[in-house]
Structures are given as C-alpha cells and as structure tokens.
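Anchor point for the sequence shown: position 22 equals 23 in this note's numbering, and the numbering is continuous, going up by one each time.
Where is the CB? At the ideal position from N, CA and C, for every residue including glycine.
No experiment lies behind these values; they were computed from the predicted model shown.
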Amino acid sequence: MSLGVWLAEAAQRRERAGVVRADDVRRNPQSRRGLLDLASNDYLGLADDPRVRDAAAAALDRFGTGARASRVVTGTTAGHAELEAELADLTGQPTCLAFSSGYTANIGLLTALGDPGTLIVSDAHAHASLIDGARLSRSPVAVCPHADLGALERILRERTRPRAIVVVESLYSVLGDAADLAATAELCAFHDALLVVDEAHGVGVAGRGRGAVHAAGLAGAEHVVVTATLSKALGAQGGAVLGSAALREHLVNTARTFIFDTALAPAAAAAAAQACRIVRAEPDRVAALHRVARAVADAAEIDHSPGAVQSLEVGEPAAALAAATRLFEDGVVVGCFRPPSVPDGVSRLRLVARATLDPARAAAAARRARTLAA
Ligand SMILES: Cc1ncc(COP(=O)(O)O)c(C=O)c1O
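Below you can see the structure in the form of structure tokens.
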C-alpha cells in the first residue's frame with residue numbers, strides 16, 4: 002500500500018470517529034488580541050511575567066539559545082543547578098533533576114526504575130507520558146480503575162513480582178480531580194511499593210503552590226517520588242524528577258531521556274527558577290487562581306475541582322467539538338478533549354482558570370460553555 006493511500010485511510014477513520022485534531026495558529030491567544038484564553042496551562046500567568054522574562058533574557062545573553070549538548074557532556078550550566086535547587090526547595094524535596102520536558106521526565110524515570118521484575122500499576126487516567134514510560138520500561142503493567150483504592154489494594158496484594166510502582170497524578174489533567182495521596186501512599190508503604198506522583202498540574206497550584214505531595218506531608222518520604230513539568234504553572238518549558246539523592250544519581254546514570262537528550266535550554270531553566278521564587282513569595286497569586294477556578298466551576302454548574310482545570314462533560318466527540326467551535330467564534334478558546342485523550346470515552350470541554358483572569362469574564366464564558374454543552 003502506498004503511503005498516500007495508507008494516510009488517507011487513517012484520516013478517514015479519524016473523520017468518522019470525530020477525533021480530527023489541528024495545530025491552528027488562530028487559536029493562539031498571544032497571536033490574536035481579545036481572545037479569552039480558557040485553554041492554556043499558564044495557571045499563574047507567569048509565562049508573561051516581566052521578572053520571568055528578564056531571567057530568561059539574562060540566561061540567553063550569558064549562555065546563548067541552546068544547551069549545545071547533553072547534561073552529561075557539557076550541557077549542565079549554573080542555571081540548571083539553580084533551577085534544581087529552587088524547585089527542590091519549593092516542593093520540599095531533597096533533590097531535583099531537570100529534564101527537557103515533563104514528557105521525557107516521566108519516560109526517563111519509569112524506564113530507569115522498571116524491569117520485568119517490577120509491576121507498574123497505572124491509574125486509568127494517567128497521562129500519555131506515564132503510559133509510554135510504563136510501556137517502554139519492560140515492566141508488566143496493570144491498569145487500575147481511576148481513583149479506586151480497593152482495586153489498587155487488590156492488585157498490590159495479589160502481585161507476583163517482587164517490586165511494584167504505583168503511578169498517579171496529584172491533580173488529573175483532564176478530569177481535574179485530586180488523587181487521595183495520603184491513602185495511596187499508606188497503601189504503597191504497607192505493600193512495599195513505590196509511589197510515583199506526577200505533579201504536572203499540582204506544582205504552583207496545590208498546597209499554596211508547593212504541590213499536593215508537600216501539602217499531604219509526603220515530601221521527602223523515601224517511597225514517594227514526584228515528577229513535574231516546568232511548562233504549566235511555572236510558565237517555562239521542561240520537566241523534573243524530585244526525590245532522594247540516590248534516586249537522582251541513579252537517573253543521571255541510567256535515564257535514557259536524560260543522558261541521550263540535549264539539556265534543557267538554559268533560558269527555560271532560568272525562567273522556571275525565577276517562577277519558583279515567585280510562587281514561594283506570592284501566595285496571593287495562587288489564591289487568585291483558586292478564586293477564578295471557583296467562579297468558572299460555579300458558572301459552568303459543575304463540581305468545583307481543587308486545581309485549575311474544571312472539566313465539563315459533553316459526551317459525544319462531535320458535540321464537544323461543535324461546542325468548542327461555537328465558543329471560539331465567540332472569542333473564547335477552551336480545550337476540547339476527546340478519545341483517545343479520555344480513557345473513559347466521555348468527551349469534555351476543559352475550562353482552565355488562570356490567576357490573572359477577571360473572574361467575572363471567565364464566569365461569563367463558562368456559563369456560555371454550559372449552555373452550549375447542554
Ligand atoms: C500529567 C502530565 N504529565 C506530563 C505532561 C508533560 O509535560 P510537558 O508538556 O512538560 O512535556 C503533561 C502535559 O503536557 C501532563 O498533563
């Protein structure tokens with residue numbers, strides 16, 4: 002079969018299933034004045050903060066645009082060390098290792114820890130990067146129904162492998178709900194399992210910005226490892242793994258997405274380090290985010306989720322897309338999540354709060370979304 006026919010058939014299947022995606026520049030709020038952005042993940046508005054921009058600009062002047070090599074060759078700069086110290090301090094963790102993205106952090110961690118003797122138990126709503134990391138790790142994988150602690154306990158109790166890694170998100174990226182970290186960590190401790198918590202949506206948001214793991218009193222616990230992204234509340238780019246010094250040393254030596262990947266760009270590292278300092282110094286910014294999130298949830302008539310993401314169920318992919326398109330025509334951009342991004346098959350509009358939004362304006366858009374989704 003020629004590549005043309007092959008791709009045309011795949012495109013037709015996507016069309017029939019209502020899951021066509023596009024990288025449309027017109028949806029970019031920085032390119033189109035007046036567009037209300039309820040879709041991006043810049044939860045604290047730091048991607049635009051002059052102090053964060055200045056930190057990135059200073060690093061550009063000093064180090065240039067790219068890191069030029071892997072961290073284990075010549076790519077490690079003082080900026081990387083500074084970022085790692087700031088993020089570890091913010092989240093209360095002993096050490097931090099920065100990766101070029103949250104995606105590569107998750108893959109690097111799970112492939113460095115997994116093997117055929119280790120069962121990976123992944124929540125059904127875990128992010129694609131965690132799923133890919135588990136698949137690449139050569140570990141057997143069990144998918145646990147979302148947030149089902151009873152099922153998790155059974156899987157851990159009945160496992161036949163000596164080691165186990167439980168993988169959850171602190172705040173889920175599409176549903177917006179929170180994992181019960183205290184209970185999950187207790188189960189893991191009892192069953193001698195490691196708990197990996199992806200705080201992509203928790204850092205800068207939960208626990209006065211210090212993350213849900215810190216808020217649960219689990220920062221520094223030996224059986225709890227945190228991953229994070231620098232690309233959401235921290236307004237930059239990149240990812241990180243946070244945990245013990247021994248874990249960091251293991252990753253520097255074995256995580257393929259750390260060793261065989263060019264280091265995070267120094268300007269992104271400097272921006273994220275500055276963002277960490279701002280999160281620590283300005284808890285009011287985090288409080289403002291939560292006020293906007295509450296206003297959005299109330300207006301959309303949905304249960305308020307504890308993070309920035311408020312998730313409005315629509316059902317069919319085509320209906321979700323139609324609602325998102327109408328909102329866009331009204332000047333509001335929202336996320337439209339459809340299979341395969343939603344493992345339960347329910348399509349959703351993802352309404353994302355931001356600290357710098359006017360709560361009344363965000364609420365008006367959420368009310369309109371509710372009407373269109375009905
Ligand atoms: C839960 C979760 N983990 C990891 C990632 C990947 O992070 P990054 O965009 O920095 O690669 C994302 C988002 O994109 C995410 O939502």
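Going straight from the alpha carbon of residue i to that of residue j, what length do you get?
{"i": "Thr77", "j": "Ala264", "result": "7 Å"}
{"i": "Leu252", "j": "Ala374", "result": "45 Å"}
{"i": "Ser312", "j": "Gly218", "result": "27 Å"}
{"i": "Ala365", "j": "Arg22", "result": "27 Å"}
{"i": "Asp43", "j": "Ala234", "result": "5 Å"}
{"i": "Pro409", "j": "Asp124", "result": "Any property of residue 409 remains undetermined from this structure, which presents the chain solely from 2 to 375."}
{"i": "Arg371", "j": "His126", "result": "24 Å"}
{"i": "Ser32", "j": "Ala40", "result": "14 Å"}
{"i": "Ala58", "j": "Ala269", "result": "10 Å"}
{"i": "Asn254", "j": "Arg292", "result": "43 Å"}
{"i": "Val214", "j": "Pro307", "result": "14 Å"}
{"i": "Ser380", "j": "Gly205", "result": "This structure does not reach residue 380, given that the chain is present from 2 up to 375, and the question cannot be answered."}
{"i": "Val226", "j": "Cys145", "result": "19 Å"}
{"i": "Leu137", "j": "Gly115", "result": "9 Å"}
{"i": "Glu250", "j": "Arg158", "result": "30 Å"}
{"i": "Leu376", "j": "Val122", "result": "What the structure shows of the chain is the stretch from 2 to 375, and residue 376 is not part of that stretch, so it cannot be assessed."}
{"i": "Gln238", "j": "Asp49", "result": "13 Å"}
{"i": "Leu231", "j": "Ile260", "result": "19 Å"}
{"i": "Ala271", "j": "Ala56", "result": "6 Å"}
{"i": "Leu322", "j": "Gly336", "result": "9 Å"}
{"i": "Ile166", "j": "Arg139", "result": "13 Å"}
{"i": "Val197", "j": "Ala184", "result": "14 Å"}
{"i": "Ala273", "j": "Glu10", "result": "43 Å"}
{"i": "Gly80", "j": "Asp181", "result": "34 Å"}
{"i": "Pro360", "j": "Val333", "result": "14 Å"}
{"i": "Pro141", "j": "Gly221", "result": "27 Å"}
{"i": "Ser71", "j": "Phe100", "result": "10 Å"}
{"i": "Gly5", "j": "Ala320", "result": "30 Å"}
{"i": "Val287", "j": "Trp7", "result": "48 Å"}
{"i": "Tyr173", "j": "Val26", "result": "27 Å"}
{"i": "Ala296", "j": "Ala363", "result": "7 Å"}
{"i": "Ala1", "j": "Ala324", "result": "Residue 1 lies beyond the range of the chain shown here (2 to 375); nothing can be said about it."}
{"i": "Asp24", "j": "His192", "result": "44 Å"}
{"i": "Thr258", "j": "Leu120", "result": "21 Å"}
{"i": "Asn107", "j": "Arg69", "result": "23 Å"}
{"i": "Thr357", "j": "Gly208", "result": "19 Å"}
What are the residues that DSSP puts in a beta bridge with residue i?
{"i": "Thr228", "result": "Asp199 and Val242"}
{"i": "Val333", "result": "Leu37"}
{"i": "Val287", "result": "Note: Val287 sits in no beta bridge, so no partner."}
{"i": "Cys145", "result": "Asp124"}
{"i": "Gly379", "result": "Outside the shown range of the chain (2 to 375) lies residue 379, about which nothing can therefore be said."}
{"i": "Thr263", "result": "Ser71"}
{"i": "Val168", "result": "Ser123 and Val197"}
{"i": "Cys189", "result": "Answer is none; Cys189 lacks a bridge partner."}
{"i": "Gln311", "result": "Leu352"}
{"i": "Ala179", "result": "Leu172"}
Could you pull the start and end residues of the alpha helix (DSSP H) that residue i belongs to?
{"i": "Gly5", "result": "Leu4 to Ala18"}
{"i": "Ile279", "result": "Pro267 to Ala282"}
{"i": "Leu114", "result": "Gly103 to Leu114"}
{"i": "Glu154", "result": "Leu150 to Arg158"}
{"i": "Phe64", "result": "Pro51 to Phe64"}
{"i": "Asp133", "result": "Ala129 to Leu137"}
{"i": "His81", "result": "Ala79 to Thr92"}
{"i": "Ala213", "result": "Ala213 to Ala216"}
{"i": "Pro360", "result": "Pro360 to Ala374"}
Using a 10 Å radius around the Cβ and a threshold of 16 neighbouring Cβ atoms, would you call residue i buried or exposed?
{"i": "Ser171", "result": "buried"}
{"i": "Arg355", "result": "buried"}
{"i": "Asp199", "result": "buried"}
{"i": "Leu290", "result": "buried"}
{"i": "Pro267", "result": "buried"}
{"i": "Gly67", "result": "exposed"}
{"i": "Asp262", "result": "buried"}
{"i": "Asn29", "result": "exposed"}
{"i": "Gly346", "result": "exposed"}
{"i": "Phe338", "result": "buried"}
{"i": "Phe64", "result": "buried"}
{"i": "Gly35", "result": "exposed"}
{"i": "Leu98", "result": "buried"}
{"i": "Thr161", "result": "exposed"}
{"i": "Ala1", "result": "The structure shown does not extend to residue 1, since the chain is modelled only from 2 to 375, so the question has no answer here."}
{"i": "Gly316", "result": "exposed"}
{"i": "Ala247", "result": "exposed"}
{"i": "Glu16", "result": "exposed"}
For the beta strand (DSSP E) that contains residue i, what are its first and last residues?
{"i": "Leu98", "result": "Thr96 to Phe100"}
Closest Cβ-Cβ distance between residue i and chain C: below 8 Å?
{"i": "Gly19", "result": "The structure shown contains no chain C; it holds only a single protein chain."}
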